[in-house]
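Listed in order, the protein sequences are those of chains A and B. Position 11 of the first sequence, counting from 1, maps to 10 under numbering that gives the first Met the number 0, and the rest follow consecutively. Position 516 of the second sequence, counting from 1, maps to 515 under numbering that gives the first Met the number 0, and the rest follow consecutively. One structure is given here, and the rest of the page talks about it.
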Amino acid sequence: MTYSGERILLSSQREGQVSRFRAWVFLAVPLLAILFQVYVPRFFPFLSFLEMPLLVVVYFAIMRRNQVSGLMIGALVGLAQDSLTNNPLGMFGIVKTLVGYFAASVGVRLDVEHGLIRLLLGFFFYLFHQFLYWVMSRALLGQQMTFDWQRTAVLAALNAVVGVALFHLLDKLREPA
Amino acid sequence: MESLLNRYRNITVLLLVIMAQLVLLAVSAKNDQDVRFIRIWTVTAVTPVARIIEGFRGGSTGFLQNYILLHDTRQENQRLRAELDRYKMENVFLRNELNTADRAKALQVFQAHTPSKTVAATIIATGAGSNSKVVFVDRGTASGVQRGMAVVTPDGIVGKVIAAYPTASQVLLITDADFAAGVIFEKSQVHGTLKGQGTPQCKVDYVAFEEKVEPGEWVYTSGDDRIFPRGFRVGIVKAVRPGQPFKEILVDPSGTQRGLDDVLILIEGVHQRIPDAPSGSQPIYIAPAPPGNDSAKPADAAPVASPGTEADRLRSQYQTLGEEQKHTYGENPPGTKPPDFTKLPNPGAAAPGQAPAPAPANRTTSPAPAPPNGGAAGQAPAPTKSAVPPAVTPPNPEVRKNPASPPGAPPVTTPVAPPKTPAKSTTSPATAPPNAGTAGQAPAPTKGAVPPAVTPPNPEVRKNPASPPGAPPVATPTAPAKTGPAVQPSRPAKNPPAPGAPPAKNPPDAARRLNQAAGVPPGGQPH
Numbered sequence: 000m001t002y003s004g005e006r007i008l009l010s011s012q013r014e015g016q017v018s019r020f021r022a023w024v025f026l027a028v029p030l031l032a033i034l035f036q037v038y039v040p041r042f043f044p045f046l047s048f049l050e051m052p053l054l055v056v057v058y059f060a061i062m063r064r065n066q067v068s069g070l071m072i073g074a075l076v077g078l079a080q081d082s083l084t085n086n087p088l089g090m091f092g093i094v095k096t097l098v099g100y101f102a103a104s105v106g107v108r109l110d111v112e113h114g115l116i117r118l119l120l121g122f123f124f125y126l127f128h129q130f131l132y133w134v135m136s137r138a139l140l141g142q143q144m145t146f147d148w149q150r151t152a153v154l155a156a157l158n159a160v161v162g163v164a165l166f167h168l169l170d171k172l173r174e175p176a
Numbered sequence: 000m001e002s003l004l005n006r007y008r009n010i011t012v013l014l015l016v017i018m019a020q021l022v023l024l025a026v027s028a029k030n031d032q033d034v035r036f037i038r039i040w041t042v043t044a045v046t047p048v049a050r051i052i053e054g055f056r057g058g059s060t061g062f063l064q065n066y067i068l069l070h071d072t073r074q075e076n077q078r079l080r081a082e083l084d085r086y087k088m089e090n091v092f093l094r095n096e097l098n099t100a101d102r103a104k105a106l107q108v109f110q111a112h113t114p115s116k117t118v119a120a121t122i123i124a125t126g127a128g129s130n131s132k133v134v135f136v137d138r139g140t141a142s143g144v145q146r147g148m149a150v151v152t153p154d155g156i157v158g159k160v161i162a163a164y165p166t167a168s169q170v171l172l173i174t175d176a177d178f179a180a181g182v183i184f185e186k187s188q189v190h191g192t193l194k195g196q197g198t199p200q201c202k203v204d205y206v207a208f209e210e211k212v213e214p215g216e217w218v219y220t221s222g223d224d225r226i227f228p229r230g231f232r233v234g235i236v237k238a239v240r241p242g243q244p245f246k247e248i249l250v251d252p253s254g255t256q257r258g259l260d261d262v263l264i265l266i267e268g269v270h271q272r273i274p275d276a277p278s279g280s281q282p283i284y285i286a287p288a289p290p291g292n293d294s295a296k297p298a299d300a301a302p303v304a305s306p307g308t309e310a311d312r313l314r315s316q317y318q319t320l321g322e323e324q325k326h327t328y329g330e331n332p333p334g335t336k337p338p339d340f341t342k343l344p345n346p347g348a349a350a351p352g353q354a355p356a357p358a359p360a361n362r363t364t365s366p367a368p369a370p371p372n373g374g375a376a377g378q379a380p381a382p383t384k385s386a387v388p389p390a391v392t393p394p395n396p397e398v399r400k401n402p403a404s405p406p407g408a409p410p411v412t413t414p415v416a417p418p419k420t421p422a423k424s425t426t427s428p429a430t431a432p433p434n435a436g437t438a439g440q441a442p443a444p445t446k447g448a449v450p451p452a453v454t455p456p457n458p459e460v461r462k463n464p465a466s467p468p469g470a471p472p473v474a475t476p477t478a479p480a481k482t483g484p485a486v487q488p489s490r491p492a493k494n495p496p497a498p499g500a501p502p503a504k505n506p507p508d509a510a511r512r513l514n515q516a517a518g519v520p521p522g523g524q525p526h
């Protein structure tokens, strides 16, 4: 597939090319993302707004263009993230499973190598992730959490910007076609 | 069915995964205990990497801080060194200030407590000579300072004024080779002459070889030199080496040990008591004197010190006795009956016209007739001791600790003592004027050693524990008494010594001179 700045929608699924990664990339990148989430804010608290595991799940989901792969990556990363929190296992797992599934579904339809598409996907899935997590916390755990739309929107925008740069770096890890 | 599953495979997997996680979540939330192995796996997978990253970060940070960011360490080190030097200087300055304040306070306390009249002075210069130990103080004749005055500190004597000018005075330090002073040892009460050597240590001369002087013993001024009042600290004996005829004793002066900044000049010196040294000797029982002995009766009037020296007093006593018995010394032909010295006034008693002294508190020292213990039996009789306050009297623990000796026991058969007894009275600041003990003696020259005649070592007297320190050699007139209980004077060389009596010794030159002046032959037999 050749990149076209003007086309963001694929005319058919066959136009979409599945990106391939080495096995260690599927292991190391999510691990580093989780490490970033738990380690970097210790020294740079202002970076705690970054949801690196979510961005990684979105990237792998949209690039693999496979819903099962996307949801499995989301489930594993979410469970790993749950394991490092004091919440019950499954909260991040379910949310990221859905994110991975929908991201893979969107990736089939969109030209995910377009920068704007990546920015929008990053913004949308961050909002979706945070909202779904808020819903599940209230519905399943009964926690009285507040949802600040404005703050969440700003953070979603920041994550989307960072996600575009991150996706560009992760593109380097793809196996050449 | 198979085609249906293939068609909805993705959503089916999604639902299964969601359901599994819902179950997991439900179990975790309900039982408050989740599937632990998931957390273990995650933590085990994450923490080693985190540890590696942390180590890398710590190392990087340390490298940055220790090697890259230390580019200004040199400047900081120099700044800190300069700061440290400044603080050191400030510390030295403050310590000096503190020392000055301490010394001033010590001087003030010492000045307030010492009976002598003093004037404080500050050393403002040192002598120009390279070998002389001379300093200048900022007090001169305008402040009442005169040549020959003693200079002391609370720690001990420092020197003496050798020249007094209107606004300053020149002080010869104790360490100068020309310095000399009469001293007395604390424990043995042995007299000697302190001499400077030009070194930090001084030596004490004229201490006979048989005297017992130990290192560590304090040395005090004896007052014999008529410059330093009795009782001022001089120093500590550092070394004692045997010698003939005198020991070689080195003394560490205590007055100059802490440096010299402020001193006190004794305008009017007052003799002080020398602290008693602890004695380790055991008490010895001495039986009470036998009754019926007239000579054992103590004198009614307690002896007091005469205004002159011991020699003067003894001479007056013997002259009085000779006048009473119409005996003229030196003008009687051979064979003439000598005066009856048994009628000599109470040995050590005051000469005619002298005021009586209070009765002694430790007259128990009069021993039984000629006990074998020469040190106790041959000692001065009680009246002698009565004139000496216990504080000044050298301790005779053997006698004082004798509980069997009743107070006031008469000094019966120890006529040997009379000549020695006056010596004790001279040591009493209560009964004698400040310089009474040395009155009549040849004053020590301002510059130069104290003549041996001033503080001659009289081993015979000093060896007697009961004899007071500084007893002048005038005790020799009573030498005949040592030959036996009889008071008849006789040449000691010809008379065999009484059993138990200490061996007679030749009196020193000063004693001979004093004897000749009193008309008593060296052996104690008047002509």
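The beta carbon of each residue, even a glycine, is placed where N, CA and C say it ideally should be. This one's a predicted model, so the numbers in the text were calculated from it and none came from an experiment.
Measuring CA to CA, which of the options is closest to residue i?
{"i": "Lys540 of chain B", "options": "B:Glu185, B:Leu265, B:Arg312 and B:Val157", "result": "Only positions 0 to 526 of chain B appear in this structure, which leaves residue 540 of chain B out of reach."}
{"i": "Trp148 of chain A", "options": "A:Gly162, A:Leu165, A:Gln129 and A:Val160", "result": "A:Gln129"}
{"i": "Lys544 of chain B", "options": "B:Lys325, B:Thr255, B:Pro290 and B:Gly268", "result": "This structure cannot settle anything about residue 544 of chain B, because the visible part of chain B is limited to 0 through 526."}
{"i": "Asp223 of chain B", "options": "B:Gln196, B:Ala180 and B:Gly258", "result": "B:Ala180"}
{"i": "Gly215 of chain B", "options": "B:Leu249, B:Leu93 and B:Pro241", "result": "B:Leu249"}
{"i": "Val150 of chain B", "options": "B:Phe184, B:Ser59 and B:Gln110", "result": "B:Gln110"}
{"i": "Ile122 of chain B", "options": "B:Val108, B:Arg102 and B:Gln243", "result": "B:Arg102"}
{"i": "Ala79 of chain A", "options": "B:Arg78, B:Val34 and B:Ile67", "result": "B:Val34"}
{"i": "Gln196 of chain B", "options": "B:Val182, B:Asp177 and B:His190", "result": "B:Asp177"}
{"i": "Phe227 of chain B", "options": "B:Ser142, B:Ile285 and B:Val182", "result": "B:Val182"}
{"i": "Asp175 of chain B", "options": "B:Glu185, B:Lys159, B:Thr166 and B:Val189", "result": "B:Lys159"}
{"i": "Ala102 of chain A", "options": "A:Val24, A:Asp170, A:Gly69 and A:Phe25", "result": "A:Gly69"}
{"i": "Ala27 of chain A", "options": "A:Val55, A:Phe43 and A:Ala164", "result": "A:Val55"}
{"i": "Arg64 of chain A", "options": "A:Ala138, A:Leu168, A:Val17 and A:Thr145", "result": "A:Val17"}
{"i": "Ala120 of chain B", "options": "B:Gln243, B:His112 and B:Met148", "result": "B:Met148"}
{"i": "Val218 of chain B", "options": "B:Gly57, B:Lys202 and B:Arg225", "result": "B:Lys202"}
List the whole-angstrom C-beta distance separating residue i from residue j, where the pair is believed to meet the contact cut-off of C-beta under 8 Å.
{"i": "Asp311 of chain B", "j": "Thr99 of chain B", "result": "In fact, because the Cβ distance is near 48 Å, the residues do not count as touching under 8 Å."}
{"i": "Tyr38 of chain A", "j": "Phe166 of chain A", "result": "No, Tyr38 of chain A and Phe166 of chain A are not in contact; Cβ-Cβ is about 22 Å, not under 8 Å."}
{"i": "Val236 of chain B", "j": "Glu213 of chain B", "result": "7 Å"}
{"i": "Asn158 of chain A", "j": "Leu49 of chain A", "result": "6 Å"}
{"i": "Ile177 of chain A", "j": "Val111 of chain A", "result": "A question about residue 177 of chain A goes unanswered here, because the residues of chain A that appear run from 0 up to 176."}
{"i": "Ser187 of chain B", "j": "Val136 of chain B", "result": "Rounded, the Cβ-Cβ distance is 34 Å, inconsistent with contact."}
{"i": "Asn9 of chain B", "j": "Gln66 of chain A", "result": "4 Å"}
{"i": "Gln533 of chain B", "j": "Gly92 of chain A", "result": "One cannot answer for residue 533 of chain B here, as it falls past the ends of chain B, which runs 0 to 526."}
{"i": "Ser221 of chain B", "j": "Arg229 of chain B", "result": "6 Å"}
{"i": "Ile285 of chain B", "j": "Val118 of chain B", "result": "Contact flag wrong, Cβ pair sits at about 49 Å."}
{"i": "Arg38 of chain B", "j": "Ser82 of chain A", "result": "4 Å"}
Find the residues of chain B that neighbour residue i, judging by a C-beta separation of less than 9 Å, and give them in chain order.
{"i": "Pro52 of chain A", "result": "Ordered by position in chain B, no residue passes the 9 Å Cβ test against Pro52 of chain A, which lies about 12 Å from the chain."}
{"i": "Tyr58 of chain A", "result": "Simply none; closest approach about 19 Å."}
{"i": "Ala74 of chain A", "result": "Val16, Ile17, Ala19 and Gln20"}
{"i": "Val37 of chain A", "result": "Val45 and Ala49"}
Can you name the residues of chain B whose CB is closer than 8 Å to the CB of residue i?
{"i": "Ile93 of chain A", "result": "Ile17, Gln20, Leu21 and Leu24"}
{"i": "Ala102 of chain A", "result": "Near Ala102 of chain A there are no residues of chain B at all, since even the closest Cβ is about 12 Å away, more than 8 Å."}
{"i": "Gln142 of chain A", "result": "Simply none; closest approach about 11 Å."}
Note down, in chain order, every chain A residue with its Cβ under 7 Å from the Cβ of residue i.
{"i": "Ala44 of chain B", "result": "Leu30"}
{"i": "Leu68 of chain B", "result": "Simply none; closest approach about 17 Å."}
Below 9 Å on C-beta distance, what does residue i contact in chain A?
{"i": "Ser59 of chain B", "result": "Ordered by position in chain A, no residue passes the 9 Å Cβ test against Ser59 of chain B, which lies about 12 Å from the chain."}
{"i": "Arg38 of chain B", "result": "Asp81, Ser82, Leu83 and Leu88"}
{"i": "Asn5 of chain B", "result": "In chain order: nothing, as chain A lies at least about 12 Å away."}
{"i": "Ala81 of chain B", "result": "The contacting residues do not exist; Ala81 of chain B stays about 37 Å from chain A at best."}
Just to make sure I have the definition right: I need the residues of chain A whose C-beta is within less than 8 Å of the C-beta of residue i. Which are they?
{"i": "Ser2 of chain B", "result": "Correct list: empty, because the minimum Cβ distance to chain A is about 17 Å."}
{"i": "Arg50 of chain B", "result": "Within chain A, no residue comes near Arg50 of chain B; the closest Cβ sits about 10 Å away, beyond 8 Å."}
{"i": "Val34 of chain B", "result": "Leu88"}
{"i": "Ala100 of chain B", "result": "None at all; the shortest Cβ gap to chain A is about 55 Å."}
List the residues of chain B whose Cβ lies closer than 7 Å to the Cβ of residue i, in chain order.
{"i": "Ile33 of chain A", "result": "Val45"}
{"i": "Tyr132 of chain A", "result": "Per Cβ cutoff of 7 Å: no residues; Tyr132 of chain A is ~12 Å from chain B at best."}
{"i": "Leu168 of chain A", "result": "Residues of chain B passing the Cβ test: none, with the nearest at roughly 18 Å."}
{"i": "Leu109 of chain A", "result": "Chain B residues near Leu109 of chain A: none, gap ~17 Å exceeds 7 Å."}
Whether or not the segment 72 to 90 of chain A and the segment 119 to 128 of chain A are in contact is what I'm after, with contact meaning three or more pairs of Cβ atoms, one per stretch, closer than 8 Å; do they touch? no
Counting Cβ pairs, one atom from each stretch, are 3 or more of them under 8 Å apart for the segment 151 to 158 of chain A and the segment 82 to 101 of chain A? no
Counting only runs of 4+ residues fully inside the segment 302 to 340 of chain B, write out the alpha helix (DSSP H) ranges in chain order. 309 to 323
Touching by the beta-carbon criterion (3+ pairs, under 8 Å), the segment 42 to 62 of chain B and the segment 21 to 39 of chain A: yes
Hey, which unbroken runs of the beta strand (DSSP E) at 3 residues or more fall wholly within the segment 221 to 248 of chain B? 232 to 240
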